[in-house]
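Before any comments, here is the structure.
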Ligand code: TYD
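Numbering (UniProt numbering), first residue to last: 12 to 147.
If you want it as structure tokens, here you go:
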């Protein structure tokens, strides 16, 4: 396993490569959930800090479609910093995982596939609230 943090895993996105370039395909059978929403971060200043929350209901897959950035994942017990820099690598993050995103490269695009529609009520935006939520 690549991580001590629970409730995360890498998903390899199949690609078709030839002399004209590469094409990656996300079909429902490579995903652990049904997509309800897609959003993406772009034009992100390199000094930006994003995320800083966990979800009670939403599961996510984060993909560096272009450029690179780092995702800190924290299950309340272990914390890891993961660099994403390949458009064929998805980082699956289940519910109740604190995440932060920083160190965006110039031109970075952060794609998020989400299992839910947007609902601010299912966010945990305070780290101490998160710790209390997962450790009881
Ligand atoms: P925020 O959660 O702060 O983004 P990040 O997790 O990348 O730091 O969201 C930024 C703003 O966008 C905030 O006002 C909520 C809004 N938003 C939506 O309206 N719909 C969405 O699907 C998302 C993800 C955010």
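Think of the CB as a built atom: it goes at the ideal place given N, C-alpha and C, for glycine as much as any other residue.
Nearest-angstrom beta carbon gap, residue j and residue i [assumed within contact, 8 Å]
{"i": "residue 41", "j": "residue 22", "result": "6 Å"}
Buried or exposed by the 16-neighbour rule on C-beta atoms within 10 Å, applied to residue i
{"i": "residue 34", "result": "exposed"}
{"i": "residue 118", "result": "exposed"}
{"i": "residue 53", "result": "exposed"}
{"i": "residue 16", "result": "buried"}
{"i": "residue 57", "result": "exposed"}
Short Cβ contact (8 Å threshold) for residue i with residue j
{"i": "residue 103", "j": "residue 72", "result": "yes"}
{"i": "residue 31", "j": "residue 129", "result": "no"}
{"i": "residue 81", "j": "residue 113", "result": "yes"}
{"i": "residue 136", "j": "residue 87", "result": "no"}
{"i": "residue 148", "j": "residue 70", "result": "This structure gives no information on residue 148, because the portion of the chain shown stretches from 12 to 147."}
Only counting runs of 3 or more residues, tell me where the beta strand (DSSP E) segments fall wholly within the UniProt domain "Sugar 3,4-ketoisomerase QdtA cupin" (18-145), in order along the chain.
-> 19-23, 26-29, 32-35, 48-52, 61-66, 71-77, 80-85, 90-95, 100-104, 109-113, 120-125
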